[in-house]
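Residue numbers (the numbering used here): 14 to 121.
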């Protein structure tokens with residue numbers, strides 16, 4: 014499997030934000046309090062992030078969000094390796110990521 018750093022980088026490349034960063038944004042917007050964010054961040058593991066589709070906290074080791082089925086980390090359907098969302102071909106197995114809907118597992 015991929016390392017925690019690799020998963021984190023891939024998730025961030027797809028537009029995900031860290032739980033603490035998202036919490037700070039919500040504090041600035043007046044949506045929540047500092048105490049609520051500190052409690053939520055403390056309860057979650059370091060590898061927790063926010064789903065870029067539904068906004069719920071999810072673990073980076075999840076393949077997809079359990080709340081909205083959005084891919085947490087995009088991967089090649091052919092070889093399973095992590096790919097970047099703007100790639101059109103998998104550099105590991107040469108699978109065409111955009112051909113015939115094969116890019117459907119890639120977040121937009």
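Beta carbons are placed, not taken as given, at the ideal position from N, Cα and C, and that holds for glycine.
Check, Outcome
"Ignore the nearest five residues each way along the sequence and tell me which others in residue 111's own chain have a CB closer than 6 Å to its CB.", "101"
"Whose C-beta lies closer than 6 Å to the C-beta of residue 81 among residues of the same chain, with five residues either side of it excluded?", "66 and 67"
"In its own chain, which residues sit with a C-beta less than 8 Å from the C-beta of residue 108, not counting the 5 before and 5 after it?", "89, 90, 91, 92, 102 and 115"
"Please give me, in chain order, every unbroken run of the beta strand (DSSP E) with length at least 3 that falls completely inside the stretch 60–91.", "61–63 and 70–72"
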